[in-house]
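Trainee: One point on numbering: in numbering that gives the first Met the number 0, the residue at position 13 of the sequence shown is 12, and numbering is uninterrupted. Pasting a structure here, questions to come.
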Amino acid sequence: MQKPTSVTPDPSAAIPVPLLTQQWLDLSFIHWAVDPDAVAGHLPHGTVPDTHDGVTYVGLVAFRMHRVGWLRLPGVPYLGTFPETNVRLYSVDADGRRGVVFRSMDASRLIPVLMGRAGFRLPYLWSRMTVCTAGDTVTYTSSRRWPGPRDAYSRITVRTGERIEEPTELEHFLTARWGMHNAFLGGTGYLPNHHPRWPLYRAELVRCDENLITTSGLPAPSGAPVSVLYSPGVPVRLGRPARPAGIPTP
0 MQKPTSVTPD
10 PSAAIPVPLL
20 TQQWLDLSFI
30 HWAVDPDAVA
40 GHLPHGTVPD
50 THDGVTYVGL
60 VAFRMHRVGW
70 LRLPGVPYLG
80 TFPETNVRLY
90 SVDADGRRGV
100 VFRSMDASRL
110 IPVLMGRAGF
120 RLPYLWSRMT
130 VCTAGDTVTY
140 TSSRRWPGPR
150 DAYSRITVRT
160 GERIEEPTEL
170 EHFLTARWGM
180 HNAFLGGTGY
190 LPNHHPRWPL
200 YRAELVRCDE
210 NLITTSGLPA
220 PSGAPVSVLY
230 SPGVPVRLGR
240 PARPAGIPTP
């Protein structure tokens, strides 16, 4: 296994011809620390938990997907624009590529959900969702429709604070993730992404009432989150999936 690549706030490689383009807007990053052994079994074959100072994390990330487009075509204004809330883990493979692994991806547009499930084998789920901004607070709601469980939901409100001029190593670790690992072509593939450096803000978690984490099969969060951040967003390019590569596991 190669040593994991350095955590960098900027992507290391450009994606000149993207597979997909989109914008991620009004994001809230909420994270809890967790023992790597507690989540290792939930990662794809050939990956292990990525850690910072011996700890890994469960992330709840709520945002607005905006104008998803294929290749260099203009983004779609309606079908490509919708709220989304993800439960994610942190992974690294045998090539040292750091990424995220999505345990659930609630979204409010059925067609993108079906395309994500069929085309990329991603755990997209169709939900009723809203994102509402009032002054310095943002509220995200979701209620699972299909395929279930139908009682899965989230109600999240954050209050945004000051701009972070120099993010900490942990804040970069949790947000500067330049790809995702997922089942692909009979193995585990790596889908790279590219975007400008995150503009990050301090945030206060006003409300977090949810069961998305436990319904995705993960342990319930213990105590308050260790990190709550907000970003107005970035434009994003997704590259083509890389060839499967992983860590041999029993």
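Quick reminder that beta carbons are idealized off the backbone N, C-alpha and C, glycines included. These numbers were taken from a predicted model, which means no experiment stands behind them.
Is V205 closer than 8 Å to R97 when the C-beta atoms are compared?
Mentor: For this step, residue 97 is matched to residue 98 along the sequence shown. For this step, residue 205 is matched to residue 206 along the sequence shown. It is not a contact, given that the beta carbons lie outside the stated cut-off.
Trainee: Taking 8 Å as the cut-off, decide whether the C-beta atoms of T136 and V112 are in contact.
Mentor: Start at 1 with the first residue of the sequence shown, and residue 136 comes out as number 137. Start at 1 with the first residue of the sequence shown, and residue 112 comes out as number 113. Not a contact, by the Cβ cut-off of 8 Å.
Trainee: Put V225 into one of helix, strand or coil per three-state DSSP.
Mentor: On the sequence shown, position 226 is the one that residue 225 refers to. Of the three classes helix, strand and coil, the one that applies to V225 here is coil, per DSSP.
Trainee: Taking the alpha helix (DSSP H) that I29 belongs to, which residues open and close that run?
Mentor: Counted from its first residue, the sequence shown places residue 29 at position 30. Element bounds for I29: not the alpha helix (DSSP H) but the beta strand (DSSP E), 19-33.
Trainee: Where in the region 141-189 do unbroken runs of the beta strand (DSSP E), each at least 3 residues long, occur, reported from the N-terminal end onward?
Mentor: If we require 3 residues or more, the beta strand (DSSP E) runs fully inside the region 141-189 come out as 152-162, 178-183.
Trainee: Can you give me the C-alpha to C-alpha distance between F101 and D36, rounded to a whole angstrom?
Mentor: As a position in the sequence shown, residue 101 is number 102, starting the count at 1. As a position in the sequence shown, residue 36 is number 37, starting the count at 1. So the alpha carbons of these two residues sit roughly 17 Å apart.
Trainee: Near T248, which residues of its chain fall below 7 Å by C-beta distance, leaving aside the five closest residues on each side in sequence?
Mentor: Translated into positions along the sequence shown, residue 248 becomes position 249. Residue placement at T248 is poorly supported in this model, since its pLDDT is 38, which falls under 50; the coordinates still yield a value, given next. The residues are H44, G45.
Trainee: At which residue ranges does the region 26-81 contain complete alpha helix (DSSP H) runs of 4 or more residues, listed in the order of the chain?
Mentor: Listed in chain order, they are 35-38.
Trainee: How would you label D105, buried or exposed, when you count the other beta carbons within 10 angstroms and need 16 or more for buried?
Mentor: The residue labelled residue 105 in the question sits at position 106 within the sequence shown. Buried: at least 16 other Cβ atoms inside 10 Å.
Trainee: Tell me whether P17 is buried or exposed, calling it buried when 16 or more other Cβ atoms sit within 10 Å of its Cβ.
Mentor: Within the sequence shown, residue 17 is the residue found at index 18, counting from 1. Flag for P17 reads buried.
Trainee: Applying the criterion that 16 or more other CB atoms from any shown protein chain within 10 Å of the CB defines a buried residue, is G245 buried or exposed?
Mentor: Taking the sequence shown and counting its residues from 1, the one referred to as residue 245 is at position 246. Because the pLDDT of G245 is 47, which lies under 50, any placement of that residue in the model is unreliable, and the number read from its coordinates should be weighed accordingly. Buried.
Trainee: Starting from G98 and walking both ways along the beta strand (DSSP E), at which residues does that stretch end?
Mentor: As a working note, residue 98 is residue 99 in the sequence shown. Segment 97-106, the beta strand (DSSP E) holding G98.
Trainee: As a quick exercise: from V235, D208, I212, pick the residue whose alpha carbon is nearest that of I38.
Mentor: For the purposes of this step, residue 38 is taken as the residue at position 39 of the sequence shown. Position check: residue 38 holds Val in this sequence, whereas Ile was assumed. Out of V235, D208, I212, I212 has the C-alpha closest to the C-alpha of V38.
Trainee: Sort out for me which residues DSSP pairs M128 with in a bridge.
Mentor: Working through the sequence shown from its first residue, we reach residue 128 at position 129. DSSP output for M128 lists S141 as bridge partner(s).
Trainee: Given that a residue counts as buried once 16 or more other Cβ atoms are within 10 Å of its Cβ, and exposed if not, what is R143?
Mentor: Looking up residue 143 in the sequence shown gives position 144. Flag for R143 reads buried.
Trainee: Straight-line CA distance for Y77 to P231?
Mentor: Residue numbering aside, residue 77 sits at position 78 when the sequence shown is read from its first letter. Residue numbering aside, residue 231 sits at position 232 when the sequence shown is read from its first letter. Distance between the alpha carbons of Y77 and P231 is about 20 Å.
Trainee: Given a cut-off of 8 Å, decide if S226 and F62 are closer than it, judged by their beta-carbon atoms.
Mentor: The residue labelled residue 62 in the question sits at position 63 within the sequence shown. The residue labelled residue 226 in the question sits at position 227 within the sequence shown. No. Outside cutoff.
Trainee: Based on Cα-Cα distance, which residue from P146, G95, T140 lies nearest to P48?
Mentor: By one-based count along the sequence shown, residue 48 stands at place 49. Ranking P146, G95, T140 by Cα distance to P48 puts G95 first.
Trainee: Grouping DSSP H, G and I as helix and E and B as strand, with all else coil, what is T7?
Mentor: Against the sequence shown, residue 7 aligns to sequence position 8. Looking at T7 - three-state DSSP - the assignment turns out to be coil, as it is neither helix nor strand.
Trainee: Grouping DSSP H, G and I as helix and E and B as strand, with all else coil, what is P231?
Mentor: For the purposes of this step, residue 231 is identified with residue 232 of the sequence shown, where counting begins at 1. Looking at P231 - three-state DSSP - the assignment turns out to be strand.
Trainee: Give the secondary structure of L211 by DSSP, where H, G and I count as helix, E and B as strand, and everything else as coil.
Mentor: Indexing the sequence shown from 1 puts residue 211 at position 212. L211 falls in the helix class under three-state DSSP.
Trainee: Once DSSP output is grouped into helix, strand and coil, what is the label at A133?
Mentor: Taking the sequence shown and counting its residues from 1, one reaches residue 133 at position 134. DSSP places A133 in strand when its eight states are reduced to three.
Trainee: Starting from V112, trace the alpha helix (DSSP H) in both directions and tell me its first and last residue.
Mentor: Locating residue 112 in the sequence shown gives position 113, counting from the first residue. Run containing V112: 109-119, per the alpha helix (DSSP H) assignment.
Trainee: Using the Cβ count rule (16 or more neighbours within 10 Å means buried), how would you classify L173?
Mentor: By 1-based counting over the sequence shown, the position of residue 173 is 174. Per the 10 Å Cβ criterion, buried.
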